[in-house]
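Let me begin by presenting the structure, written as structure tokens, before commenting on it.
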Amino acid sequence: MKLIIANWKMNPETEFEAINLAKASDVSGLIIAPPFLFLEEVKHSLKNAKLAAQDLFWEKLGAYTGEVSAEELKSLGVEYVIVGHSERRALGETDEMVAKKVKAASDAGLIPVLCVGESAVERASGLTEEVVTRQLLSALELLKSLISNSLPFIVAYEPLWAIGSHNPATPQDVVKVLQCIRTLLKHLTLDLSPFVIYGGSVDALNAHDFLKEKEIDGLLVGGASLKPDQIIRIVEISSLF
Ligand code: PGA
151 MKLIIANWKM NPETEFEAIN LAKASDVSGL IIAPPFLFLE EVKHSLKNAK LAAQDLFWEK
211 LGAYTGEVSA EELKSLGVEY VIVGHSERRA LGETDEMVAK KVKAASDAGL IPVLCVGESA
271 VERASGLTEE VVTRQLLSAL ELLKSLISNS LPFIVAYEPL WAIGSHNPAT PQDVVKVLQC
331 IRTLLKHLTL DLSPFVIYGG SVDALNAHDF LKEKEIDGLL VGGASLKPDQ IIRIVEISSL
391 F
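Right, dumping it as structure tokens:
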């Protein structure tokens, strides 16, 4: 089974629109990540799709103005959480913060969706695998002593230059990086059962090219997930594989 995650980012503007979008996109096989503010209402609107958050904070509770903990997300029925999205890293989130968030999510029983990916400049300098390896190793640093049972874990390869650019990576390039991610995870002593997925300018027209690759376990979809016909089509395509 392939995973399709809809990352709504900071959309839509109102709760009313969020409920409508959730109802129109509510198919099984889809995981929806709305803004924090709409999680509860979206949860109530969904019968089939599952719920993700777009971020979390690593502390359990306390004086952390504006932050949201893993426990709070769980209490709303959230099952997955995106961690280390490049749009958050661009706002100052460091590898160390990402590592604490991955650990907090895992400790609370939320499934982390760890985002990794290189910038256009890093890519042009041939640093893709180096950057992805660094991000992955540091994000998993704190998990090392932790897990005994197999932990569901999702790594999303999202090259920065492909996000929101209408310029997706080629499936061949994605497969190469995903193989590198898998090899790295295998070498770590962690007992993870990783899904490795791709994100960056995916839509209903190009989804098939990615999903047909057996190395690609699913897709993280941004812009196209705001259009129910597109995201439902992507889920339909994913069910073929
Ligand atoms: P995009 O975003 O599909 O709009 O490129 C993907 C993401 O940032 O998760």
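Heads up, the sequence shown is in this note's numbering, so the first residue is 151 and it goes up one at a time. All C-beta atoms, glycine included, are put in the ideal place defined by N, C-alpha and C.
#### Entry: DSSP-derived helix/strand/coil call for Phe-391
coil
### Message
When you measure from the CB of Gly-368 to every non-hydrogen atom of the ligand PGA, does any distance come out below 8 Å?
### Response
no
### Task
Answer yes if the segment 305-313 comes into contact with the segment 254-268, meaning at least three C-beta pairs across the two stretches below 8 Å, and no otherwise.
yes
### Query
In terms of DSSP beta bridges, what is Tyr-307 paired with?
Val-266, Tyr-348
### Message
Please return the same chain residues whose Cβ sits closer than 7 Å to the Cβ of Phe-207, not counting the five positions on each side in sequence.
### Response
Tyr-214, Glu-217, Val-218, Ser-219
### Task
Could you pull the start and end residues of the alpha helix (DSSP H) that Asn-170 belongs to?
165-174
### Query
How about Leu-175: is its Cβ closer than 8 Å to a heavy atom in the ligand PGA?
Leu is not the amino acid found at residue 175; the sequence shown has Ser there. Outside the cutoff, so no.
### Message
Using only CA atoms, which one of Ala-319, Glu-209, His-235 lies nearest to Arg-273?
### Response
Ala-319
### Message
Measuring straight from C-alpha to C-alpha, what distance separates Leu-296 and Tyr-348?
### Response
With a pLDDT of only 48 at Leu-296, under 50, the local geometry of the prediction cannot be trusted, and the value read off the model is given with reservation. Leu-296 and Tyr-348 have their alpha carbons spaced roughly 27 Å apart.
### Message
For Ser-298 and Phe-166, I'd like the C-alpha separation in whole angstroms.
### Response
In this prediction, Ser-298 has a pLDDT of 48, which is less than 50 and means its spatial position is unreliable; what the coordinates show is noted afterwards. Taking the straight line from one Cα to the other gives about 43 Å.
#### Entry: Beta-carbon proximity of Leu-264 to Leu-334, cut-off 9 Å
No.
### Query
Is the beta carbon of His-235 within less than 8 Å of some heavy atom of the ligand PGA?
yes
### Task
Answer yes or no: do Ile-381 and Val-371 have a C-beta to C-beta separation smaller than 9 Å?
Yes.
### Query
Is the beta carbon of Ala-249 less than 9 Å from the beta carbon of Leu-189?
no
### Message
Taking the beta carbon of Gly-212 as the centre, do at least 16 other beta carbons fall within 10 Å, making it buried, or is it exposed?
### Response
It counts as exposed.
### Query
Is any heavy atom of the ligand PGA found at a distance shorter than 8 Å from the C-beta of Ile-381?
no
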